[in-house]
Amino acid sequence: MPVLEFLDPESVVPALRARAKKQVLQDLATQAARRLPALGERAVFDTLLQRERLGSTGIGDGVAIPHGKLPGLDRLFGLFARFDRPVDFESLDGQPVDIAFLLLAPEGAGADHLKALAQVARLLREPGMLTHIRAARDAGALYALLTRSTAPQAA
């Protein structure tokens, strides 16, 4: 089974060009709204911004996992972005971010949302994964890295 079954090939952005945290969130919202037009870009952006106000989703090592729950969404949705230049994201370790995984969940997702967040974090913390992601040439190679089959893991 793919590690991240809520990510599809069209939801991988290999070179996001944002220069600031708020712009990253706006660009991620724009990309998500293109794939989920029923939600609307503003609703996605507002959800991400509201979550960031609680504390940075920059988890360290140049990685952020912005996330939120949205009414009207009927499934988990993931969008991966690698930035063309690192951005200050007020991360826990103080390091700029160059990799983001956006995760959106239905409003009532509960434990599924938390399991998906843990799954993304585990994947991005696998030894060598960030090096491979940063070296990948295009969206296809990034998608292959993010969805490769592995041994089952407990959530």
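Residue numbers (the working numbering): 11 to 165.
All C-beta atoms in this analysis are idealised placements derived from N, C-alpha and C, irrespective of residue type, glycine included.
A quick note: this is a predicted structure, and the numbers were derived from the prediction, not measured.
I'd like the list of long-range same chain contacts for alanine 48, defined as Cβ closer than 8 Å, with 5 residues on each side in sequence excluded. Take alanine 48, set aside five residues on each side of it, and the residues of its chain with a beta-carbon closer than 8 Å to its own are Gly82, in chain order.
State the CB to CB distance for the pair glycine 21 and arginine 45, rounded to an integer number of angstroms; the pair is presumed to be in contact (CB under 8 Å). Here residue 21 turns out to be serine, not glycine, going by the sequence shown. Separation of the CB atoms of serine 21 and arginine 45 is rounded to 6 Å, and the pair is thereby assigned contact status at 8 Å.
Contact the stretch 97–108 vs the stretch 50–68: 3+ CB pairs below 8 Å: yes
Pick out whichever of Ala145, Arg147 and Met139 has its Cα sitting closest to the Cα of leucine 156. Met139
In whole angstroms, give me the CA-to-CA distance for glutamate 15 and arginine 85.
Those two C-alpha atoms are separated by around 11 Å.
Alpha carbon to alpha carbon, how far is glycine 50 from aspartate 56? Give it in angstroms, no decimals. Answer to the nearest angstrom: the Cα atoms are 10 Å apart.
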